[in-house]
Structure formats: C-alpha cells, structure tokens
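**Student:** Please find one structure pasted underneath; my questions will follow.
4 protein chains.
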Amino acid sequence: MKKLRVGIEGGAGFAGGELIRLLLGHPRVEIAAATSATFPGQPVFLAHPNLRGRTDLAFARKLDYGSLDCLFLAGGHGDAMGDVPAILRAAGPRLRVIDLSGDFRLKDPALYPRWYTREHKAPEYLKKFAYGLVELNRGEIRRSRLIANPGCFATATALALGPLARGGARGVVSVTAVTGSSGSGASPSAITHHPTRHSNLRAYKPFVHQHIPEIEQVLERLGGGRNLRVSLVPVSGPFARGIYAVCQLDLPKGWTEAKVVGLYRDAYAGSAFVRLTPEPPSLNAVAGSNHCDVFVAVADGRIAVISAIDNLVKGASGQAVQNLNVMMGWDETLGLSFAGTYP
Amino acid sequence: MKKLRVGIEGGAGFAGGELIRLLLGHPRVEIAAATSATFPGQPVFLAHPNLRGRTDLAFARKLDYGSLDCLFLAGGHGDAMGDVPAILRAAGPRLRVIDLSGDFRLKDPALYPRWYTREHKAPEYLKKFAYGLVELNRGEIRRSRLIANPGCFATATALALGPLARGGARGVVSVTAVTGSSGSGASPSAITHHPTRHSNLRAYKPFVHQHIPEIEQVLERLGGGRNLRVSLVPVSGPFARGIYAVCQLDLPKGWTEAKVVGLYRDAYAGSAFVRLTPEPPSLNAVAGSNHCDVFVAVADGRIAVISAIDNLVKGASGQAVQNLNVMMGWDETLGLSFAGTYP
Amino acid sequence: MKKLRVGIEGGAGFAGGELIRLLLGHPRVEIAAATSATFPGQPVFLAHPNLRGRTDLAFARKLDYGSLDCLFLAGGHGDAMGDVPAILRAAGPRLRVIDLSGDFRLKDPALYPRWYTREHKAPEYLKKFAYGLVELNRGEIRRSRLIANPGCFATATALALGPLARGGARGVVSVTAVTGSSGSGASPSAITHHPTRHSNLRAYKPFVHQHIPEIEQVLERLGGGRNLRVSLVPVSGPFARGIYAVCQLDLPKGWTEAKVVGLYRDAYAGSAFVRLTPEPPSLNAVAGSNHCDVFVAVADGRIAVISAIDNLVKGASGQAVQNLNVMMGWDETLGLSFAGTYP
Amino acid sequence: MKKLRVGIEGGAGFAGGELIRLLLGHPRVEIAAATSATFPGQPVFLAHPNLRGRTDLAFARKLDYGSLDCLFLAGGHGDAMGDVPAILRAAGPRLRVIDLSGDFRLKDPALYPRWYTREHKAPEYLKKFAYGLVELNRGEIRRSRLIANPGCFATATALALGPLARGGARGVVSVTAVTGSSGSGASPSAITHHPTRHSNLRAYKPFVHQHIPEIEQVLERLGGGRNLRVSLVPVSGPFARGIYAVCQLDLPKGWTEAKVVGLYRDAYAGSAFVRLTPEPPSLNAVAGSNHCDVFVAVADGRIAVISAIDNLVKGASGQAVQNLNVMMGWDETLGLSFAGTYP
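Line by line, the protein sequences give chains A, B, C and D. With this note's numbering, the residue at position 302 of the first sequence is 302, and numbering never jumps. Just so we're on the same page, this note's numbering is the position in the second sequence counted from 1, plus 1000. Just so we're on the same page, this note's numbering is the position in the third sequence counted from 1, plus 2000. Just so we're on the same page, this note's numbering is the position in the fourth sequence counted from 1, plus 3000.
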C-alpha cells in the first residue's frame, strides 16, 4: 500500500515534534520532509531528543509542495495566512492542508484585528477551511481538503460545552482554564522561565484571550445562534502538558440533570477519544494521549463541566492527525490508538 | 516585657509547624508548649526539619491550659468542638483561644450536619467565636477572646469578594480555586501521593466544599443579606503551597469599572497584607508570606476577581498570628512583617 | 496468528498498569487476566485512569496459571519467592515467568538476608532464573523460561557500567542516582507525600541499597571477577518517572578516551534501546519510552558515565516486555517501538 | 543607632532581589539604593513581586559610591573585575565591598582564562579579597573590607568537605551536585525553559565547572596542600531553589568513623547555620533559610558526605549578609535568624 506523503512546516517546535512523533507511528503515512529555520540540515533529534534513534529524518530548509499529498503547517500564528495562497497556487488544489495556527479558524475576517491584532491577509480562504474539531464537526471535515486545527483552550472548552450548545442552552459560561507551559512553544520567554513558572499559577488575558471567539463560533453553530457566551480566564500552570477547563453556568430553566447527562451521552456516544467520567477528570489521565476526559455535574440550579486534554496531542498535533484520518476516510484512530502514560 | 505564653494543640501538623515557625520570630510571644500525639517527648524538628537548631522545644503530650495566655488549636476538624468547653472550664474564661479548624466558623449549627457531616457538639459556643478574617471583621476580633480562624479557600475567596458584597453586588459568583497539596495536611493519602499529584490537576467536591457556607456567611454579613451566592469548584494543584481563586460574576446593572475599583481601594486602603495588583497575581509572589494579592478586572459586563494566598500562612497560621495581634491590641503585623521568597 | 496468552499478578500497581498499557499495544500478545487484591472485579481503569476506554479488562481475583503462556509477576518484593514453586507445579514447566520483583535477581541466596532482610524461600530457583538485562545478557534470556527482571537503579547503573566491566576496568565507582516517585509504588507513604517530595531532594540508604549486589553481580559476570565495586547513594527526586545515574571512577591506567568510547560503541552497536549521546542525557528524552540514554566522558584521568531511563518502562515493565520478546524469539522491539513524549 | 548605608549593584536579578528581601529585615542596615539597567526608576516590586508593599524603594540608574558604607555587587560574572578598581578609587578605601560574582574568588589569576574563559582585568585585587565562606574562613573575613562571596556549588561542596580537608584527608572526591533553576538567573534561556526543565534532570559541564578550582582552593588552604581533588558533575534539577551535593571518597587509611564524625562536630560546633543531621538532609528543610545541612556516613571503607543549601540564601545573598555581619563585628546571624518554610 502506498503511503501518504506528508510535509511539516515548522517541525522544530513542540507541535512539530509531536507531529513527527505521532506520524512515525502512523501506518499509512510517510513523512517526506519537515522544515526548520533553526536547524536546517540537522537531524530532528537535535530539537526533539526523544526521537534519537527513532528516525533518520533531518530538517529541510524548504518543502517541495508539489510532491506532497498533505501539508501540516506548524509554524507561528500569522505565517499561514500569508503563505497558504502561494502554497496552493504552487501545489495545485489537490494538496491537503492542515493548519495548526489560528489563522483560518475564525470565519469572520473582522474578528482578526480585534483578537489577533492584525488584518487577515487571505480572508477569501476563511470559508474554505473546515474547523477541525472532529467530534463536533466530522461531516464538514470529511468533505474538506483544508483544515483549521483548533486551539488548545478552544478544544477543551468547546468539547466541554458543545453538547449544551446543541441542546439549546443559553447564558454566560464562566470558564477558568489552566494550561501547561508547552503551550507557549519551544522558545524561552519570561512566562516560561522555570524559576518563576515552577510552583506558580498566574492568570493572563482575562476575558480577552483569542480562543474566545473561536469557542463561541463553534457553540453558535451547534446552537443555531449566539446563545452561549464564553467568559474565559486563562491561567498559566506549573506543568508541561495539559489544558484543564472548569466551566460553570446556570442550569437552563426546566432542564433536569437527566437531560444534561443525556446530551453528553448522545454527543460522545460513538467517540473514540472523548471519555465521559463519573468523577472530575485528572489531567494526568489524558497526558500523552489524544483523549479528552469530560465530567458534568448538576446541583442547585448550576452546571459544572470539567474537561482535560493534552494540549500538544488532542489540543494540537494529535487532533491534526485525527483530522487527516477523517479527511482521508480512514479509521479516525489510526496512529492515535494508545493510552497516555500514568502516572 | 513579659511575653505572652501560648500553647499549640496539634503542633506536628503543617499548620502547627508553621505556627511554631512564625511564633519563634514573634517579639511578644513565648511558646510554652506544643503537643503531638505522634511525637510526644521528641524535638519539634523531627516533624519540622526546617526548625532544627532554631528551637529546643520538644513536643508535649498535654498542655497545662491554666498556665497559658492563649491557646492555638491546630488539630483536625471535629476535635475542637469536643474539647473547647472542657478547656475553658479548666482554664477559666481568661484563656484566649484561636481555633484553626472549621469547628466554630459557622454561626448556624444546622449547617454542620450538611457541610461537615456531623452534629455540632457545642452549638452554644458558635456565637461566642469571632470569625477571624481580620481585614473584613477587625472590630469584632478586637473585642473577642475566642477566634474561629478562617479556612484557606474561604480566606482567598472572601477577600476577593468582600468588597463587592459590601458594595451591594448580587448574583452568582463562579469560583474556581486551586489549592496546593499542603492543604491536605501532613498525613499521606491517595490525593497527596506524589506520582499522581505531580503535574496533575483534579477538581473535587464541585459545588459541595465545606468552605462554601463559610464564604457566604461572610458575604451575607457584609452585604446585609444573601445577595451573593458562591458556586465553587475546588481543584487540587501540583504545588505545595497556595490557594489561587478565580472568581467571575456579572457586573451589577448600573455599576462602572470605577465603582468596582473604588470598592477594593476603600476596603483594603489601610491593609498591611492585602495588596491590590494591576495585573493578575502570581501565586509565588505571596508564597511564604501573610499577603493576599487581589486583582480585579471589569470588561463587557463581567467582573473577574483573582486572589492568591499562601494556604499555610494567610490561609492558616499567619492569619492565626494576625488574629492574636489584633485581639491583643498589638500592631497587626508583629511577627508577620516579611516578604515571601521569590522565586 | 494465535496470540500469546499472558497473565499479570499485581495488575493495580504502577508496574502492573504500565504492563497493561504496553501489552495492549503489543501485536502478538493477549492479556488473559490481571489480578488485584484491592480492585477485584473492577475495571482496570479504576486503578489506571489512562486506560479508560482502551480496554474492557476487569481485575481478576486469581489467575488460572494452567491457561497461560506467560506470567508476569508485578507484586511486591517477597511474594514471588513464596509463590513461584507452587505456580510452576500447578502450571507445569511450560509456563514462562517474568518476575519484576527482586526475588530471583541474586544468584547467591546468602545475599538475601543482608540486602532484603529475609531468608530466601526458594533458593533452588535462583540459578534457574536468567537475569533479564537484555543488552548485557541476551543469550541466556533467549534460552530461558524464567526471567528475573532487573531493578530500576540496577538497569540504569549496569547499562552505564557494563561496557567498562567487560573491558576489564577495576576500582570503585561512585554512583549518585536520582529516582522518580513512581518507583515507590502506588501506595501512599511518607516518602511520597507530595508536599514534602515536591521541590525536594533527599538521599536514602547510602551504600546499602539492595540494588548494589545486583549491579555488582552483573559487572562481575561481564568482567570475569569482582573488579568493579559500586558505591551507590540513591536520591529521591521531585518528579514522577525516571532514574538518572551519575557514575564516576578513575580512568584505568593505560586506558585512553578512545578505548573507553570504543567499549561503549561495541557494547551497544546493535541495540535498539540504548542510545549513546554526545552530551549528558536529559531524563525527559527517555521518559515514557524503553530507551536508555548513555553518555560517557573522559578527562584528567577520570571517567564519568551518565545514564537515564524511565523507571517504569526500561526500569520495569518495558524491560519485562523486551524480555518476553527475546524469550519468544520475536523482534526485541515488538510493542516497544515508540518514542517517549517530549517535553 | 545610625544604620549602615548599603548599595546594591544589580538589584533586579534573583540574588539582588534576595539581598533586598533580607536587608529589609536587617536591624542595622538601610538600603540606600539598588540599581537595575532594565528597570531604572521603577519600583523594585516590578522585578520582585514578593516585595510589593514591603518597600518604597525604586531602582536607581547609578550608585553614589561615596555615600555608601558597603556595596554589594550582584551583577554578572566579569563585571566586578572591571568595575572594582574605579569604584574604590571613587569611594576611597573606606568602602566595604561584597562581590557575589566569581571575579575575585580565585587567588591565582592564571586560573581565570581556563575556568572563566577570560583574562582577569584586576589581578592585583585577587589577594585583597577575603574568601567569604564564613564557617571556614571567619578570621580573615573579620579583618577584611573586600569579600568574594562564594559560589553556590562551592558553598555546598566546601562545607561538606572542609572538615575532611582540615583533618588531612587525601584523594579524589566524586561529587554529584544538583542545582535549582534560580541558579541560572532571572533571564530566560534554553536551560531554564519550563517545559523542558520541568520533571527533568540533565548533567552539564562534567569535570569542568568553574566552581571546581574554587572548592579546591578552599580545601587546599584547610588541608595545607593539594590533598583532595574534586571531581564534580553538576546537574540541573527541576526545582527553583537549592543545591544538593552528594560527595563520595575512600576512607583514608587508619581513619575510623568516630574520627570522621569528630571532625565535623569540631568544625561546626559553634556554627549557627551549619546543622549536622543524623539522616541524609532534605533540600526543603533548608530552602528559604541560610542553613546548610550536612550529613556524613562511613561504611565499608567509604565516606559519603551530603550537604544541602538554598542557592540564593546560603549560596548567595544570605551568605553575603552573613559576611557583612562578620566584617562589621556584629552577631553573625543578624537578619538571618529564621527558618525556611517547610513544606
């Protein structure tokens, strides 16, 4: 069986490394090349020491787009919107693209200046990209060749709230979501300086994180209107991997606990990766895997939904592979069918 | 100057050790004795290795209550309510008591069976204990000899929300609060097992933590009615010290950001320990100190209040010393006038 | 192809959970049953939440040894020596056994009272078990049905020193080896209490750890005599997974750096799992994988050898699977051919 | 009583922040000014959020050396050697200087090119600086106005080995010493990037760390010759504060355990900060304090000495304050008489 030839733009970052790790174990994919501006010509294990001895791949300077079946864009936010039009002109419309940045996630170009502080450079492409949150958008992904891979906070929160949106819930949802440091990428910075990140918690961008419109867009589509508003306070946590999202809202009038639980059971009944848990989830039960654990509680007129993912797997590269599988019509779990490590 | 003779019941736990550490540096206090059922007759540094060489104190089996000026109760929840009546009979009403457990925090005895799963054994004392959240109840503490020292989640959350309550805010507050593992005490258990606590987050007791009625009692008193309801999801965090509370609510109709900020400035203007911060606080900026850092943001009709404390200092033993200072009419900061370590 | 039926005694511990995780991904193995005294009849994901949704397996109370092709013993030290004779009588000599405890690692029964504080209960079996450090004892393992799976400190240290022993080095090796908390098992105890394990280092059993004779036995066999003596100080580290061993010794007279490096290249030339690194290894480059990274430096008449493993994989369950593969004559990497997660 | 006016050059780094924290609690010292090139004119709490509300001090651009009684140099390695001559010319010989860098620690200028990769710019000052390891060099410090404050690895290792050197021990000492990330300073870099430092251990500069000649110089002086050689492998650890040094050597011929223990008792009998422990020390028992815990074991012809310090306190700023106290003829413990936090 001929393997699918994939390329990775931005292979030296954490999402790039995770993509390489996952794709090396994928039975139907061959990594044709992965680029790095920092390590051109060097073995990938220089950036990702876990891959030493597991691949002979060296970083390329550039990709030959025409030779690829699928391209993963794992560079920084803002790059993809500039590059995609030219890439598609060069490669032709046959090329599948999965963009891990935020550049093609929002349908409305007017949102970019506000949430990403830049005008969108290729607004005509926004409608062409399917939003790659498989469990809530599988049909569109299956029909697409261009995928906007969701953000990590967005994945955890939208999976937590999607069933409620679909059920017609309304109101404001208070979300506190804690992220691991790998979400800030492979380049050192003040917010990932170990002495001050260690044993610390620090909220940032309260109410103004760029994943808010992304989550609301998902919920609006599922609910048929802007019924749920997301009030998000992100928090930097003292661990490397994971997003832990705690969501609270009022139980809609007339709803029962049974109805709420039913919405979640229905939404994720056939899902290989979303697991409903009878107790609040543990972040370390999903770390290293493509799973999202979701817990829902109803009491005294309130709903709490708590979700946990690995930000680099289900929140980035694992989900990208899952999108590839769905796009290709393959078993959705190919190359992703493993548990994380625990403890 | 004759020093105040204090005793500590339960000196081998984490709160007990922190009390000893703090009181050793208090200029007007002498530790007469500290008890431990586990280490009777042994030097305190066996339980608290940081105290090696800093004191010759050994754990006592029992205290001579009559010889004490002040007694700190740092044992488990449920012990104090059984012991206090006999202690006060033995020692006479002159003895000051600061109870670090939850046994005398709630005014309404009917709340104990629900939130602490036990009938209260000395309900006639509940009204005699002042609630020791100094910044919001200084006057009553000054006039009292019996103090119920607040819980750690309650301290962080009530300091975050007190100014809003006093200002007349109404509604439901969504609180997600993350706690360090030292809050679970010095005895090993499944929830503090390092392999699974490390790098993990895990919510527990959503909506049913026993600090909820304690917080609501404070807010009710400040607001003159049950105007604010606390919807709390506690989370176990992968660090040893701290409570980080993220509170969200709707901005009351007609309120402005300026009004909200003014409430906080007024509430904490003269406070030595509560610090208003222009950015969300860092937990490690308060760790090791009696400070509580509070940040408030208003945007799009929402309020976020974020507070950070060290659960063993401001959330337990430091606050107990602060209560002692206020009761005695001393400078509130005696023995507490230091910064924490950073980083 | 008919799969090998394996059973796991002690499936609820960390090594047991890791075995189940690994064997679920092994193409030629079927887990017939795993026992737990704590969770009999319960799904395995109650003990190992990472396995939720990945298997329907529930813990058994007992194993039917006669129905198994291979038995993994993952219970506590001291159990296996009591059970193995009866198990083999019941199952017959056809049963393969891989014991993860220390019970059959030492050839000399006289060592047990000293290092394990108990008389050996089945000394006649000590010679029948092959020591399962594959890279240094592959031949014997291939011919055996009974395997003593090495200890975690022993694996890291023996792989670090084996090439030197084989080359005829003599002298005392100073070893400082730091272990993650998962090495202490799934039951909470004072040494794994998160508040005091977090951010801490603490040496224990200096010069008297029970893995010392195990390491020296390997080295003696490779060197043809008691040429290398291991002086080991184990240290408890503030992370969940890993052993990091730093070994130092005098460069033998007449030896050169080239000779030392050559010994390592020769020893591990065909090894899939031992990776020689040009810089000191990072623990997180091997975590989650069956790799052992080894670095060697020579300067000023001294040799430093530094090795890193995941204590639960190469230091326990991964090595057990590797032993199974070798015993069965399969590709040694079956079910183990993956990188760990990084970061 | 008039307070001593001190200035701090490099007040925004971790050592600078710790100096400010400690000196704010020192009864006989007033901080005249602290400089920062990054935060000139800004309040010190911008760099050190633990100090918010504890001081009104703002960072200065420059110091007026002539107005100071004592100057702490807490800038980077290599700055002090260039600045000290001009500073002393400007301020006159009355100014006391405590340099926290490595610039004046080595007596032999020829060592600088090799270990610090630069020629020394003011070699004539090397003999004028006293080496500020108080417990082993108190007399010289008392008579000096210029102090070279020891390095963190050097402090932990020299305190561990000093008594042996003084007793005449000979041989090679194998040292593995693990450091917290704060030792790398306040500027983010690849080695302090949280995602990869977290849960990791990584050795670096084996046998070639610049603290080696510093330790050997101390030991040579105590032993009256180059009797002990230090073979050091430093390791980066996943915690913020601390140095944990494990030292091993052969028991000298004819020595007994009693003799070894006696050497340590004699050396540290009157010491307020060095504590001999009957079990291997815990790093978290010294964190936040100026203590050094030292444990010594003798078995089978080997000696293990294990020491633990807080790298920013006893390993840097606390020791600098201790040096000031000794220089001034004050009680050595002024401003340092507190336990660290535990847990």
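Heads up, the beta-carbon is just placed ideally off N, CA and C, and yes, glycines get one too.
Phe-3207 of chain D and Leu-3232 of chain D - do their beta-carbons sit closer together than 8 Å?
**Tutor:** yes
**Student:** Step through the CB atoms of chain C and report whether any lies within less than 8 Å of the CB of Ser-1036 of chain B.
**Tutor:** no
**Student:** Applying the 10 Å Cβ sphere with the 16-neighbour rule, what's the burial state of Gly-2315 of chain C?
**Tutor:** buried
**Student:** Starting from the beta carbon of Asp-2250 of chain C, find every residue of chain D whose beta carbon is closer than 8 Å, and list them in chain order.
**Tutor:** Val-3172
**Student:** Ends of the beta strand (DSSP E) at Ala-2304 of chain C?
**Tutor:** 2302 to 2309
**Student:** Just to confirm the assignment: which complete beta strand (DSSP E) runs, minimum length 3, are found wholly within the segment 2213 to 2293 of chain C?
**Tutor:** 2228 to 2236, 2243 to 2250 and 2274 to 2276
**Student:** Please list the residues of the segment 1314 to 1343 of chain B that have a C-beta atom closer than 9 Å to any C-beta atom in chain D, keeping them in chain order.
**Tutor:** Ser-1337, Phe-1338, Ala-1339, Gly-1340, Thr-1341, Tyr-1342 and Pro-1343
**Student:** I'd like to confirm the pairing. Which residues does DSSP put opposite His-3193 of chain D in its beta bridges?
**Tutor:** A:His-193
**Student:** Beta-carbon of Gly-237 of chain A versus every beta-carbon of chain B: anything under 8 Å?
**Tutor:** yes
**Student:** Relative to the C-alpha of Ser-2067 of chain C, which residue among C:Gly-2041, C:Arg-2054, C:His-2048 and C:Glu-2030 is closest?
**Tutor:** C:Glu-2030
**Student:** Quick check for students: name the residue ranges of the beta strand (DSSP E) that lie wholly in the segment 55 to 101 of chain A, counting only runs of 3 or more.
**Tutor:** Within the segment 55 to 101 of chain A, the complete beta strand (DSSP E) runs of at least 3 residues are 70 to 73 and 96 to 99.
**Student:** With 8 Å as the limit, tell me which residues of the segment 3268 to 3290 of chain D have their beta carbon closer than that to any beta carbon of chain A; keep them in chain order.
**Tutor:** none
**Student:** If the cut-off is 8 Å on Cβ atoms, which residues from the segment 1145 to 1178 of chain B count as contacting chain A, listed in chain order?
**Tutor:** Interface annotation for the segment 1145 to 1178 of chain B against chain A: Val-1172, Ser-1174, Thr-1176 and Val-1178, criterion Cβ-Cβ distance under 8 Å.
**Student:** Measure from the C-beta of Asn-200 of chain A to each C-beta in chain B and report whether the shortest distance is under 8 Å.
**Tutor:** yes
**Student:** Can you tell which of A:Thr-179, A:Pro-195 and A:Val-178 has its C-alpha closest to the C-alpha of Ser-3184 of chain D?
**Tutor:** Closest by C-alpha distance to Ser-3184 of chain D, out of A:Thr-179, A:Pro-195 and A:Val-178, is A:Pro-195.
**Student:** Ordered along the chain, which non-local residues of its own chain (more than five positions away) have a Cβ less than 6 Å from that of Glu-1018 of chain B?
**Tutor:** Leu-1312 and Ser-1317
**Student:** Kindly indicate which residue of A:Ser-236, A:Ala-37, A:Val-230 and A:Ala-308 has the alpha-carbon position closest to the one of Asp-1300 of chain B.
**Tutor:** Looking at the Cα atoms, A:Val-230 is the closest of the given residues.
**Student:** Compute the Euclidean distance between the alpha carbons of Gly-162 of chain A and Pro-1109 of chain B, then round it to the nearest angstrom.
**Tutor:** For Gly-162 of chain A and Pro-1109 of chain B, the distance between alpha carbons rounds to 42 Å.
**Student:** Identify which residue in C:Gln-2248, C:Val-2097, C:Arg-2265 and C:Ala-2047 has its Cα closest to the Cα of Val-2278 of chain C.
**Tutor:** The residue you asked about is not Val; residue 2278 of chain C is Pro in the sequence shown. Selected option, being the one with the closest Cα: C:Arg-2265.
**Student:** Taking Cβ to Cβ, would you say Leu-100 of chain A is nearer than 8 Å to Ala-245 of chain A?
**Tutor:** no
**Student:** What distance in whole Å lies between the Cβ atoms of Pro-3238 of chain D and His-193 of chain A, which are believed to be in contact at a cut-off of 8 Å?
**Tutor:** With a Cβ gap of about 14 Å, His-193 of chain A and Pro-3238 of chain D do not count as contacting.
**Student:** Tell me which residues of the segment 2008 to 2024 of chain C have at least one Cβ-Cβ distance to chain B shorter than 9 Å, keeping chain order.
**Tutor:** Phe-2014
**Student:** Contact defined as beta carbons within less than 8 Å: I believe Leu-3095 of chain D pairs with Leu-3106 of chain D. What is the distance between those atoms, to the nearest angstrom?
**Tutor:** 22 Å between Cβ atoms; not a contact.
**Student:** Please classify Ala-3190 of chain D: is it buried, with 16 or more other beta-carbons within 10 angstroms of its beta-carbon, or exposed?
**Tutor:** exposed
**Student:** Per DSSP, Ser-3174 of chain D is paired with what?
**Tutor:** D:Ser-3231 and D:Gln-3248
**Student:** Considering only DSSP beta bridges, list what Val-1296 of chain B is partnered with.
**Tutor:** B:Val-1305
**Student:** Within a Cβ cutoff of 6 Å, which residues of the same chain sit near Val-3097 of chain D, ignoring the five residues on either side of it in sequence?
**Tutor:** Within the same chain, and ignoring the five residues on either side of Val-3097 of chain D in sequence, the residues whose Cβ sits closer than 6 Å to its Cβ are Leu-3071 and Leu-3146.
**Student:** Pull up the distance between the alpha-carbon of Tyr-1268 of chain B and that of Asn-1137 of chain B, whole angstroms please.
**Tutor:** 12 Å
**Student:** What residues in its chain sit with their C-beta under 7 Å from that of Leu-334 of chain A, if we drop five residues either side in the sequence?
**Tutor:** His-26, Pro-27, Arg-28 and Asn-325
**Student:** Figure out for me which residue from C:His-2211, C:Ser-2337, C:Leu-2201 and C:Gly-2242 has the closest Cα to the Cα of Gly-3242 of chain D.
**Tutor:** C:Leu-2201
**Student:** Mind checking whether Pro-1213 of chain B and Thr-1179 of chain B have CB atoms under 8 Å apart?
**Tutor:** no
**Student:** Run down chain B in chain order and give the residues with a C-beta less than 7 Å from the C-beta of Ala-3240 of chain D.
**Tutor:** Pro-1343
**Student:** Within this structure, are the beta carbons of Ile-2020 of chain C and Ala-2034 of chain C separated by less than 8 Å?
**Tutor:** yes
**Student:** Buried or exposed: Glu-332 of chain A, going by 16 or more other Cβ atoms within 10 Å of its Cβ?
**Tutor:** When all chains shown are included, Glu-332 of chain A counts as buried.
**Student:** Apart from the five residues just before and just after Leu-1283 of chain B, which ones in its own chain have a Cβ nearer than 7 Å to its Cβ?
**Tutor:** Gly-1242, Tyr-1244 and Ala-1308
**Student:** In terms of alpha-carbon separation, which member of B:Gln-1210, B:Ser-1289 and B:Pro-1252 lies closest to Ala-1339 of chain B?
**Tutor:** B:Ser-1289
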